[in-house]
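Q: Protein chains in written order, with the working numbering: chain A, 1 to 115; chain B, 1 to 112.
For each residue, glycine too, the CB sits at the ideal point set by N, CA and C.
After the structure tokens below, expect a handful of questions from me.
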Amino acid sequence: AQSVTQLDSQVPVFEEAPVELRCNYSSSVSVYLFWYVQYPNQGLQLLLKYLSGSTLVKGINGFEAEFNKSQTSFHLRKPSVHISDTAEYFCAVSVSNFGNEKLTFGTGTRLTIIP
Amino acid sequence: SQTIHQWPATLVQPVGSPLSLECTVEGTSNPNLYWYRQAAGRGLQLLFYSVGIGQISSEVPQNLSASRPQDRQFILSSKKLLLSDSGFYLCAWSRGEFEKLFFGSGTQLSVL
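Laid out in structure tokens, this is it:
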């Protein structure tokens, strides 16, 4: 079975500074990878996803992530954060050819932007 | 546009009491529906998913059950709640199994 690890439970970052949220996965087969974001008092929404093709994936709100198969990672990055980026970010992995029913979420990383 | 409604937002229930959480989706037909639970310090865990009326698949054995009496209605139930049922419950839908998930705002359940 696949699994996903988000080592950082909380990440404080100054406004306009860059940020990287780490995600590592484990799977014996090909995977699909996702980042979901949960803003305060809202449900989760998809930030970006990797299914195939280019390993650099761009998402909404200026975020991007890079799939690194050799390091089994899918880290999320943004060059300059804003107060509005304060949220909890979840990495998720699913096995290729299986959909949402095999989607496994990480424990989340709470990003706090410091003014 | 499509919307998902989930209620109640918070719920405090005594051990041994029944549970019913409801989720409805508007603006689409034949959605895939999902129930997730997020326990403190843990990731989202898929509890149930449904690809059609009356079709329920369970990912983990547990004290809970789910039903889909109508196309866009998904209900999470329990006959007798346990302390371990406490957590944050999220309903979600997607257009298909490979389509992105749209989540409701969640229900915080505290079993005391």
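(1) DSSP on B/N32, reduced to helix/strand/coil?
(2) Apart from the five residues just before and just after A/T55, which ones in its own chain have a Cβ nearer than 6 Å to its Cβ?
(3) How should B/V15 be labelled, buried or exposed, when 16 other C-beta atoms within 10 angstroms of its C-beta is the threshold for buried?
(4) Using a Cβ-Cβ distance under 7 Å, would B/Y89 count as near chain A?
(5) How big is the Cα-Cα spacing for B/V25 and B/Q73?
(6) Residues of chain B with CB closer than 8 Å to the CB of A/T86, please, in chain order.
(7) Would you list, in sequence order, the uninterrupted beta strand (DSSP E) runs of no fewer than 3 residues that lie entirely inside the stretch 8-66 of chain A?
(8) What residue range is occupied by the uninterrupted beta strand (DSSP E) comprising A/H82?
(9) Could you give the residue range of the beta strand (DSSP E) that holds B/G87?
(10) Hey, B/Q2 and B/G27: beta-carbon distance below 7 Å or not?
A: From the atom records:
(1) Within the second sequence, the letter at position 32 stands for residue 32 of chain B. Note: B/N32 maps to strand in three-state DSSP.
(2) Taking the first sequence and counting its residues from 1, the one referred to as residue 55 of chain A is at position 55. Correct list, in chain order: E66 and F67.
(3) Against the second sequence, residue 15 of chain B aligns to sequence position 15. So B/V15 ends up on the exposed side.
(4) Indexing the second sequence from 1 puts residue 89 of chain B at position 89. Cβ-Cβ to chain A under 7 Å: no for B/Y89.
(5) Working through the second sequence from its first residue, we reach residue 25 of chain B at position 25. Working through the second sequence from its first residue, we reach residue 73 of chain B at position 73. So the two alpha carbons sit approximately 7 Å from each other.
(6) Here residue 86 of chain A is taken as the residue at index 86 of the first sequence, counted from 1. Simply none; closest approach about 17 Å.
(7) Counting whole runs of 3 or more residues, the stretch 8-66 of chain A contains the beta strand (DSSP E) stretches 10-14, 19-21, 24-26, 31-38, 44-50 and 56-58.
(8) One-based indexing of the first sequence puts residue 82 of chain A at position 82. First-last for A/H82: undefined, no H or E at that position.
(9) Here residue 87 of chain B refers to the residue found at position 87 when the second sequence is read from its first residue. Segment G87 to S94, the beta strand (DSSP E) holding B/G87.
(10) Taking the first residue of the second sequence as position 1, residue 2 of chain B is located at position 2. Taking the first residue of the second sequence as position 1, residue 27 of chain B is located at position 27. Between B/Q2 and B/G27, the gap from beta carbon to beta carbon is short of 7 Å.
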